[in-house]
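Peer 1: My structure is below; once you've seen it, I'll send some questions.
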Amino acid sequence: MAPPAERFVTFEIDGREVSAPEGSMLVDAAKYGDVEIPVFCYEPKLGQPVGACRMCLVEIEGIPKLQTACSTAVKDGMVVVTTSDRVKSAQNAIVEFLLVNHPLDCPVCDKGGECPLQDISFGWGAGRSRFIEPKRHFKKPIELSPLVAIDRERCILCYRCVRFSQEIAEDYQLVFLDRADHTYVGTHDGRPYVGPFSGNIVELCPVGALTSTAYRFRARPWDIEGSGTICTLCPSQCNVELTVRDDNTVLRALARDNVDVDDGWLCDKGRFGYEVTSARERITEPMVRDAGALRPVSWELAMEEAVRGLDRAGERTAALVGGQATNEEGFLLQFLMRSVLGSPHVDSRRGGALDPEQALALARPDLSAAVADLDTAGAVLVVGTELVDEAPILDLRVRKAVRRRHVPLVVATSRPSSLDPNAAAVLRYAPGADEAVLGALVAQLVGGDGERAKTRAGRASLHEAAEQLGMRRPPADADWSKLAGASADDVREAAGALRGSGPIVVIWGERLSHGERGRQAVGALLALARALGLNTGDGSGMIEIPTGANGRGLREVGCLPNLGPGLAAVEPPGLTAPEIAGALGDSLASLILFQADPLRTHPDRAAWERGLDRAGFVLAFSDFITESVGRFADVVLPAESYAEKEGTVTHPDGRLQRVRQAIGRPGEVRAQTEVLLELITELSGAPFSAQPAQLTRLMTDTVPFYRGLTLDEIGGRGLRWQDTDAAGQLPQTPLPEMELEPPPEPPEGLRLGVAPSLWAAPETDHAASLRFLAPRQQAELSAEDAGRLGIGSGDEIEVAVNGTSVRARAALRTAVPPGSVFLIEGTNDENATALTNGASRAVEVRKA
Amino acid sequence: MALSELRLLKNINEPGLATIEVYEKLGGYRAMRKALLEMEPEEVLHELEGSGLRGRGGAGFSMGKKASFIPKGRMDKYLCCNADESEPGTFKDRLLMQKNPHLLIEGIVIGAVAADANKAFIYIRGEYELQAEILERAVAEAYDRGYLGDRILGSEHSLSLVVHPGAGAYICGEETGLLDSLEGKRGNPRLKPPFPANQGLYQGPTLINNVETLCNAPLIIEHGADWFKSVGTEKSAGSKVVSVSGDVRRPGNYEIELGMRAGDIVYGLAGGPPEGRRVKCWFPGGSSAPVLTEADLDLGYDFETMAEAGSMLGSGAIIVVDDSMPIVSLALRLAEFYRHESCGKCTPCREGTNWTVKMLERIDYGEATPADLDVMADVQTNIIGNCLCVLGDSMAMPIGSMIEKFRPEFEAHIEEARLRHGGLPLRAHGGRADEAVGSHAA
């Protein structure tokens with residue numbers, strides 16, 4: 002839904018008549034008249050103004066005292082003066098006061114040259130200081146966290162970092178301690194400020210008080226250039242500006258504020274993960290396995306080996322595409338597979354097939370919400386995903402909706418979510434019971450408390466109720482909440498919070514479509530979408546959080562075994578990832594790992610170990626020696642990092658965004674699109690070549706609903722394809738409706754769920770700054786189950802099923818419901834994927 | 017003139033006044049009954065407004081008018097009694113709470129009726145442990161009698177009352193700092209607007225009144241607005257409890273009629289300075305009021321006259337300073353207090369108070385020149401009116417007034433201190449001055 006149209010009012014500033022949006026603060030309104038009012042503490046992204054720094058004092062006719070322009074809303078006919086002697090003397094005074102205790106060590110300060118305090122001192126200060134007394138001293142710099150250094154002498158106490166911690170990240174760690182001129186910023190308990198978003202305070206700091214440990218003393222503003230691109234380390238796809246030195250090193254990542262994507266925030270993975278681009282252990286030359294070990298070789302030799310291997314396997318080749326691949330890379334790879342090798346076995350998902358009809362339904366523009374819709378939504382449902390780990394920036398966006406607009410939030414997850422405290426209703430269910438919990442919500446929305454279903458008349462009225470919601474039939478009569486392992490009260494409360502509150506945005510995790518009942522789960526999700534009327538109103542819809550950063554784009558350009566470019570059904574369909582694992586060595590002879598590491602990310606690790614071992618030939622595009630690559634690749638082609646790529650990606654909400662090359666490729670690294678084109682040329686015998694822009698064109702021409710999108714249109718802010726004429730090219734199909742039949746009962750015993758972790762990722766391993774965050778495997782379980790099993794918090798335990806076990810440290814969490822146990826997915830060792838296989842499973846937990 | 021009959025302090029020395037039995041025997045809670053059972057809330061408000069009662073906490077804003085700002089409608093509305101009596105020299109509320117707690121409780125109920133508040137708090141200064149205990153006891157008694165709680169005396173009005181002690185910060189006496197502290201946050205002043213009347217405690221409409229202000233409410237309801245106005249001046253109606261302290265022979269609380277000659281309070285009631293000394297200056301309204309001189313003792317002690325004289329009546333605390341006190345010591349002591357109590361939130365107060373202290377220390381150590389007085393005066397000007405709340409002004413106004421009125425003494429002190437340190441040129445005699453030059457001169 003578009004925000005309500007702004008009304009403009011006319012006011013006078015410095016003698017000129019200016020129109021500005023009604024209700025805007027004078028600081029912002031003044032900009033409409035090209036008047037700049039200096040500020041330090043004012044930052045609208047942080048919520049209500051605090052008026053602490055007093056830098057923005059202005060004179061308003063009719064008000065005797067000077068007023069803070071950051072907190073005074075413009076009114077019709079207001080007369081504002083910012084240039085009078087009175088205002089100037091106040092501005093001079095505030096600058097002088099701010100510098101009283103500021104060390105003025107600009108020559109050795111990281112902020113020097115890009116410092117608001119310098120700029121404002123120059124622009125609005127008197128240019129002299131009368132303060133000759135000793136300044137205050139603090140020990141400095143000290144670690145606020147391993148990522149952020151704090152220099153308390155430079156701090157001007159503007160409140161920004163504290164407000165970020167309190168009102169944006171809501172980690173409530175940073176506070177002001179002590180008072181008067183002894184006031185300083187610190188954590189309330191004196192422990193390091195560690196959180197997924199801590200780095201934002203560095204960018205918010207208007208002086209050099211908060212600096213990034215990774216960037217400290219690495220460059221001065223005149224040494225560096227900014228290069229805008231997209232962070233592809235997670236599906237949030239935040240807009241970033243990479244700070245580049247000497248054209249070849251990324252030194253920093255800053256937010257490139259895009260309200261439609263990220264609101265100007267970055268998570269710490271996005272902010273510090275750039276270090277992977279220059280990690281020493283990066284693969285920068287091609288390698289070939291020789292006598293069991295990977296050895297560097299020339300490109301010619303490597304390509305020769307690659308072509309020979311693929312040519313020999315031909316249609317018996319399969320490919321896994323990792324989430325960091327761009328649309329162009331995915332498009333070329335599926336073209337190589339389908340059109341050159343004749344193999345449909347290409348998959349970018351980890352958990353099995355996505356039904357073609359459902360894929361089209363999920364892509365429908367009327368069912369898809371934009372990120373910014375969260376700012377106007379009447380209610381939000383988060384189901385089957387932990388945003389802070391899977392798409393952190395959306396976690397902040399949901400928090401914002403709740404904090405600023407008191408939007409009712411429903412959190413439906415099997416694992417306790419960090420959004421629980423913000424939720425109007427929390428719906429906890431058994432791991433793997435996504436289908437049942439969605440069915441329970443539908444049943445509740447259609448039929449109320451379920452009593453109706455018990456009589457014939459009640460059944461008839463249920464049918465009527467379902468019809469009114471546009472459904473052919475109500476969900477089957479069953480105790481849905483019991484099947485979900487959820488409490489009926491929770492289901493009722495959740496449905497109640499969603500009902501009748503205006504446009505609803507549903508954020509759901511791709512994971513729930515995985516596994517053997519994934520199709521039914523998506524069926525239930527679509528039924529819920531219908532019951533909530535998501536397809537009827539403006540501003541409502543769904544956002545799917547894919548497991549790969551560019552999951553949506555890869556799906557749409559054809560990296561699914563049953564769907565080609567533009568979600569066109571492929572007959573006969575190829576094998577899905579789990580099927581590929583099983584078929585390697587049998588019907589499949591070779592495997593391409595395109596920035597994919599199945600041993601780390603894919604369920605059923607044992608099957609992948611077996612499959613990779615039996616594969617005759619494995620070609621890997623990789624930037625690091627991952628476990629899959631190190632143990633099984635025959636040929637390794639060095640992959641570009643996201644800072645070196647040129648292309649596009651598609652945000653979970655359908656926004657195509659441009660990835661721009663920021664630095665030169667290190668060593669022998671070549672553009673992967675170029676390498677793919679060369680493989681296509683070699684294997685097909687027909688010469689193919691294309692410049693990046695032509696490739697994008699080729700890709701958008703092939704995907705009907707991307708057709709006509711140009712790089713210029715996508716530009717720096719991206720463009721949702723749903724908002725273009727091309728959207729009409731998505732095949733129009735009726736919203737599929739599955740009969741909601743009761744799923745099987747969840748297995749008895751302790752059910753295994755996975756905990757996604759932001760930090761269980763290669764970036765944590767290879768970015769030196771982030772290494773301290775690498776998680777050790779832990780098993781979260783309820784105190785009740787732990788007590789029964791004689792397990793204490795911190796105990797070494799084993800989680801086992803069918804003779805396979807994972808070692809973990811026991812973490813007792815009160816919010817975990819009895820009957821569930823959660824392991825982290827994607828850890829370097831003792832990975833949860835050793836135990837998962839796409840089915841709802843019960844596990845045994847014992848002391849190690 | 018002295019008050020012919022005491023009002024607030026009428027029964028103050030009655031044994032057992034703090035108990036509900038004695039209080040009621042002396043006519044207590046009659047006004048509350050009248051307000052609850054015989055009057056419409058609008059009439060109560062009207063009576064308070066008509067009495068001309070001005071806030072006794074420092075700002076002197078009309079109590080009735082403030083109550084009338086509370087929006088109508090059904091919602092939680094709050095009344096906070098500001099009992100964080102922290103202004104140096106002020107101890108009148110302590111007396112009222114300690115000796116006559118039920119008068120305050122009765123006033124709170126009446127104030128709540130006028131403002132339609134249903135939840136009330138007494139935010140009491142942390143050091144007032146004894147008074148908090150007495151209040152707690154009195155509140156319990158009032159609950160027992162049904163004077164607090166649901167449907168008081170069978171009327172439509174319900175009111176809960178909680179006594180909440182502060183933790184010792186001066187800034188929590190500032191009304192919005194008080195609200196943050198009461199909410200469990202760091203006690204920092206809030207930006208206004210929104211004003212507490214609209215968005216105060218827990219974002220709800222909130223009326224905040226000083227102890228003495230609320231204690232006047234029962235008297236006004238019982239005797240009427242006209243009776244209240246029968247003493248005092250046109251714009252400063254009623255009586256006032258004045259805390260007189262400093263260099264006087266009989267310090268203490270005195271209830272006076274507003275408009276009484278200041279000299280009669282200082283000399284007549286409080287006995288004036290000790291034998292052989294003269295009044296050098298006096299703070300008419302707590303330590304944050306600009307100082308007045310001996311000549312000003314002829315003025316009438318009321319809100320408007322004090323304002324005209326360039327100072328303020330403030331909390332009604334008269335601090336008398338006699339001629340044995342060096343003005344630099346007085347200024348330094350005062351500045352140190354405000355520097356210590358500055359919350360640190362806004363720039364001019366945080367930096368201005370500590371700078372002022374450092375300058376005064378330099379003057380005292382003999383490391384200053386008369387030119388520093390100009391800088392110091394200018395710093396005070398730069399603080400005044402530019403802060404988030406009035407704490408900065410509370411230092412800058414008296415310090416500014418001292419520099420203005422006692423400049424020759426400051427200059428003499430500078431010279432004398434310099435000589436005391438050997439008459440060496442500034443910055444040459446080691447210690448602090450070297451340090452200042454070596455590492456910090458800008």
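From first to last, the protein sequence lines stand for chains E and B.
Remember, the numbering used here sits 1 above the position in the first sequence when you count from 1.
Remember, the numbering used here sits 16 above the position in the second sequence when you count from 1.
A virtual CB, placed ideally from N, CA and C, is assigned to each residue, including glycine.
(1) Hey, how far is the Cα of Ile61 (chain E) from the Cα of Gln68 (chain E)?
(2) How many Å lie between Pro193 (chain E) and Leu428 (chain E) at the Cα?
(3) Please state if the CB of Arg531 (chain E) and the CB of Leu741 (chain E) are separated by a distance shorter than 8 Å.
(4) Do the segment 416-426 of chain B and the segment 223-241 of chain B make contact, defined as three or more Cβ pairs closer than 8 Å?
(5) Leaving out five residues before and five after Ile825 (chain E) in sequence, what residues of the same chain have Cβ atoms less than 7 Å from its Cβ?
(6) Would you say Arg349 (chain B) faces chain E, with C-beta separation under 8 Å as the test?
(7) Which chain B residues sit within Cβ distance under 8 Å of Gly524 (chain E)?
(8) Within the same chain, show all residues whose beta-carbon is closer than 8 Å to that of Ser299 (chain E), passing over the 5 residues directly before and after it, in chain order.
(9) Excluding the 5 residues flanking Phe633 (chain E) on each side, which residues of the same chain have their C-beta closer than 6 Å to its C-beta?
(10) Thinking Leu329 (chain B) and Pro300 (chain B) are a contact (beta carbons under 8 Å), I'd like their distance in whole angstroms, please.
(11) Return no unless some Cβ of chain B is closer than 8 Å to the Cβ of Ala425 (chain E).
(12) Could you name the residues of the same chain whose beta carbon sits closer than 6 Å to that of Asp435 (chain E), not counting the 5 residues immediately before and after it, in chain order?
(13) Kindly list the residues whose CB is nearer than 7 Å to the CB of Glu669 (chain E), restricted to its own chain and excluding five residues on each side of it in sequence; keep chain order.
(14) Can you name, in chain order, every residue of its own chain whose Cβ lies under 8 Å from the Cβ of Phe9 (chain E), other than the five neighbours on each side?
(15) Residues of chain B with CB closer than 7 Å to the CB of Gly52 (chain E), please, in chain order.
(16) Taking Glu13 (chain E) as the reference, give the member of E:Leu58, E:Gly78, E:Cys57 with the closest Cα.
(17) Going straight from the alpha carbon of Met79 (chain B) to that of Ile505 (chain E), what length do you get?
(18) Is there a C-beta anywhere in chain E that falls below 8 Å from the one on Lys374 (chain B)?
(19) For the alpha helix (DSSP H) that Thr332 (chain E) lies in, which residues bound it at each end?
(20) Going by other Cβ atoms of all chains shown within 10 Å of its Cβ, with 16 needed for buried, is Gln335 (chain E) buried or exposed?
(21) Whole angstroms are fine: how far does the CA of Asp390 (chain B) sit from the CA of Leu442 (chain B)?
(22) For chain E, is any of its Cβ atoms less than 8 Å away from the one on Arg434 (chain B)?
(23) State the Cα-Cα distance for the pair Ser418 (chain E) and Ala181 (chain E), rounded to the nearest angstrom.
(24) Check for me: the alpha helix (DSSP H) holding Val231 (chain B) runs from which residue to which?
(25) Considering Cα atoms alone, identify which of E:Asn838, E:Glu749, E:Ala644 is closest to Leu252 (chain E).
(26) Quick one: what's got a C-beta closer than 7 Å to Thr697 (chain E)'s C-beta in the same chain, skipping five residues either side?
(27) For a test of the three-state rule: what should DSSP assign to Gln779 (chain E), helix, strand or coil?
(28) Name the two residues that bound the continuous beta strand (DSSP E) containing Ser213 (chain E).
(29) Listed in chain order, which residues of the segment 164-177 of chain E have Cβ atoms closer than 8 Å to some Cβ of chain B?
(30) Taking DSSP as the reference, what is the three-state secondary structure of Tyr354 (chain B)?
(31) Compute the Euclidean distance between the alpha carbons of Thr233 (chain E) and Ala431 (chain E), then round it to the nearest angstrom.
(32) For Ala185 (chain B), which residues of its own chain have a beta-carbon under 6 Å away from its beta-carbon, when the five flanking residues on both sides are left out?
(33) Do you know how far the Cα of Tyr139 (chain B) is from the Cα of Ile187 (chain B)?
(34) Can you tell me whether Pro757 (chain E) is helix, strand or coil according to DSSP?
(35) Is the Cβ-Cβ distance between Cys110 (chain E) and Ala550 (chain E) less than 8 Å?
(36) Taking the C-alpha atoms as reference points, what is the distance between Leu217 (chain B) and Gly52 (chain E)?
Peer 2: Let's see:
(1) 7 Å
(2) 33 Å
(3) no
(4) no
(5) Ala756, Ser758, Ala761, Pro776, Gln778, Gln779, Ala833
(6) no
(7) In chain order: nothing, as chain B lies at least about 44 Å away.
(8) Pro287
(9) Leu613, Val619
(10) 6 Å
(11) no
(12) Gly385, Leu513, Ala522
(13) Thr285, Glu286, Pro287, Trp300, Pro639
(14) Ser20, Ala21, Pro22, Glu23
(15) Leu207, Leu404
(16) E:Gly78
(17) 47 Å
(18) yes
(19) Position check: residue 332 (chain E) holds Phe in this sequence, whereas Thr was assumed. Counting along the chain, the alpha helix (DSSP H) containing Phe332 (chain E) begins and ends at 328-336.
(20) buried
(21) Its pLDDT being 44, under 50, Leu442 (chain B) is placed unreliably by the model, and nothing is read from it.
(22) no
(23) 39 Å
(24) Reading the sequence as shown, one finds Cys at residue 231 (chain B) and not Val. Cys231 (chain B) -> alpha helix (DSSP H) spans 227-239.
(25) E:Ala644
(26) Glu329, Gly648, Thr649, Leu712
(27) strand
(28) 211-213
(29) Val176, Phe177
(30) helix
(31) 31 Å
(32) Gly203
(33) 13 Å
(34) strand
(35) no
(36) 19 Å
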